[in-house]
Amino acid sequence: MQLCEKDIRAMLHGAVEMKEIDGEWQFSRFTQKQHELYDVVNKDFARKSYATSGIRLEFETDADSFSFKYRAMQASSRKFYYFDVFVDGVMVQHTGHEDLLEAKNVLSVTLPAGTHRVAVYFPNLFNARIWQVELSDGATFTPVKKSRKLLCFGDSITQGYDAKFSSQSYANLLADKLDAELVDQAIGGEVFRPELVDTDMDYQPDIVTVAYGTNDWSGQTRERTVECANAFYANVRRAYPNAKIFAITPIWRADNDRMTKVGTFTQGVEIVRAAAAAQEGVTIVDGNRMIPHLREVCSDRYLHPNDYGFKFYANALYDAIAPHLAKED
């Protein structure tokens with residue numbers, strides 16, 4: 482039984498736009514306005530904006546099989562991509578490739594008898610398009626609805642560099658802990674960019690996290706960092722007046738003893754902290770407490786968490802923000 486566009490949209494999480502390109506379904510976590518912004522300001526960021534970070538299909542079904550065809554295309558500096566498949570909260574597949582630029586293949590899942598909850602996490606660093614989405618004949622399915630909506634802004638770490646298991650990025654892990662639908666608007670290498678906040682986006686989050694600053698410190702001037710950090714938090718507060726907003730200061734990095742145009746790493750962190758504190762209702766999360774201060778939890782030995790490091794990050798971040806959400810529960 483082949484699913485139609487309406488069916489796919491119903492089970493889709495994490496995309497603010499979905500369109501057909503040459504018979505393939507393209508999912509995007511950015512609006513057309515945001516894509517156009519990146520087309521102008523940074524072509525590499527424009528390519529990364531089509532990576533399927535945080536996108537998933539999630540549904541309950543009595544089918545005995547589920548499948549789709551896919552095309553995976555490099556949309557970052559990394560050459561690996563993986564889909565993670567969970568059934569009733571247990572990972573049953575980790576499918577992809579370690580070193581290539583593009584692939585066409587089929588993802589197929591055999592399901593046990595009965596009704597089960599299925600979640601398929603898309604690659605964080607590749608652009609994955611799908612078509613011919615099928616359930617076994619006669620099967621029924623029910624889309625999974627989440628209790629919250631989460632929007633994550635950030636750089637490569639928030640996008641999922643370098644989780645080999647796509648489900649294990651801190652953004653995906655946090656969303657699962659919060660039972661939240663996730664829209665991940667992070668871009669590897671990105672800095673505070675106030676104009677990125679699209680007030681017309683058809684997605685109203687209950688929770689917003691912002692995690693920039695490490696690239697600002699390492700590659701921008703102090704003046705730009707101060708100006709853009711302040712403007713970004715002001716734009717987020719204005720765009721989402723009813724959301725719980727959390728500002729995550731830059732996490733530990735092994736080369737934080739350097740001096741940059743911004744100053745010391747501590748001075749860079751303080752710029753982020755001050756910009757967030759200037760906006761009423763923004764809660765500051767101490768990024769220094771997110772991961773162990775060990776090279777072993779970083780894939781590159783100094784900055785990007787590996788799958789193990791991301792577990793620390795997600796757990797610490799959840800513990801930091803959960804008390805501020807208690808009144809909702």
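Under the working numbering, the first residue of the sequence shown is numbered 482, with each subsequent residue one higher. Using N, Cα and C, we set each Cβ at its ideal position, and we do this for glycine too.
Residue i - partner residues in DSSP beta bridges
{"i": "SER509", "result": "GLU498"}
{"i": "ASN586", "result": "TYR551"}
{"i": "ARG546", "result": "Strictly speaking, residue 546 in this sequence is Ser, with Arg absent from that position. Answer by DSSP bridge pairing, in chain order: THR591."}
{"i": "CYS779", "result": "PRO786"}
{"i": "GLY577", "result": "TYR563"}
{"i": "LEU538", "result": "LEU493, VAL601"}
{"i": "PHE727", "result": "THR690, THR764"}
{"i": "VAL571", "result": "VAL568"}
{"i": "GLN483", "result": "GLU615"}
For residue j and residue i, the rounded distance between their alpha carbons
{"i": "ARG719", "j": "PHE713", "result": "10 Å"}
{"i": "TYR602", "j": "ALA710", "result": "31 Å"}
{"i": "ASP810", "j": "ILE688", "result": "Confidence in ASP810 is poor, its pLDDT being 49 and thus under 50, which makes the residue's placement unreliable; the coordinate value appears in the next sentence. When rounded, the distance between both Cα atoms is 14 Å."}
{"i": "VAL566", "j": "ASN605", "result": "14 Å"}
{"i": "TYR803", "j": "PRO686", "result": "Tyr is not the amino acid found at residue 803; the sequence shown has Ala there. Distance between the alpha carbons of ALA803 and PRO686: 16 Å."}
{"i": "THR623", "j": "TRP506", "result": "20 Å"}
{"i": "TYR693", "j": "SER617", "result": "44 Å"}
{"i": "HIS516", "j": "ILE668", "result": "12 Å"}
{"i": "GLN555", "j": "ALA527", "result": "12 Å"}
{"i": "THR639", "j": "GLN666", "result": "8 Å"}
{"i": "GLY670", "j": "ASP525", "result": "9 Å"}
{"i": "CYS779", "j": "SER637", "result": "13 Å"}
{"i": "THR764", "j": "VAL750", "result": "15 Å"}
{"i": "LEU582", "j": "ARG610", "result": "14 Å"}
{"i": "ALA652", "j": "ASP781", "result": "19 Å"}
{"i": "ASP738", "j": "SER699", "result": "11 Å"}
{"i": "VAL521", "j": "LYS514", "result": "11 Å"}
{"i": "ASP643", "j": "PHE791", "result": "9 Å"}
{"i": "HIS774", "j": "THR730", "result": "15 Å"}
{"i": "PHE549", "j": "PHE607", "result": "17 Å"}
{"i": "TYR783", "j": "VAL753", "result": "21 Å"}
{"i": "VAL568", "j": "GLY577", "result": "18 Å"}
{"i": "ASP441", "j": "SER557", "result": "This structure cannot speak to residue 441, because the chain is shown only from 482 to 810."}
{"i": "ALA544", "j": "ILE489", "result": "15 Å"}
{"i": "ARG776", "j": "GLU676", "result": "34 Å"}
{"i": "VAL590", "j": "SER546", "result": "6 Å"}
{"i": "PHE634", "j": "VAL717", "result": "10 Å"}
{"i": "TYR789", "j": "TYR799", "result": "16 Å"}
{"i": "THR690", "j": "GLY619", "result": "41 Å"}
Inter-residue CB distance, residue i and residue j (contact presumed, cutoff 8 Å)
{"i": "THR702", "j": "LYS742", "result": "5 Å"}
{"i": "HIS597", "j": "LYS725", "result": "Contact doesn't hold; Cβ gap of about 32 Å is too wide."}
{"i": "VAL625", "j": "GLU539", "result": "4 Å"}
{"i": "ASN586", "j": "TYR551", "result": "6 Å"}
{"i": "ALA728", "j": "VAL766", "result": "7 Å"}
{"i": "PHE511", "j": "SER530", "result": "5 Å"}
{"i": "LYS627", "j": "ASP660", "result": "6 Å"}
{"i": "PHE508", "j": "ALA496", "result": "4 Å"}
Continuous beta strand (DSSP E) stretch holding residue i: start and end
{"i": "TRP612", "result": "607-616"}
Residue i - containing alpha helix (DSSP H), residue span
{"i": "PHE746", "result": "746-758"}
{"i": "TRP698", "result": "695-700"}
{"i": "ALA532", "result": "Where ALA532 is concerned, there is no enclosing alpha helix (DSSP H), given that its DSSP letter is neither H nor E."}
{"i": "ASN716", "result": "703-720"}
Secondary structure, beta strand (DSSP E): runs of 3+ residues fully inside the stretch 607-678: Look at the stretch 607-678 and you find these whole runs of beta strand (DSSP E), each 3 residues long or longer: 607-616, 622-624, 629-635, 661-667.
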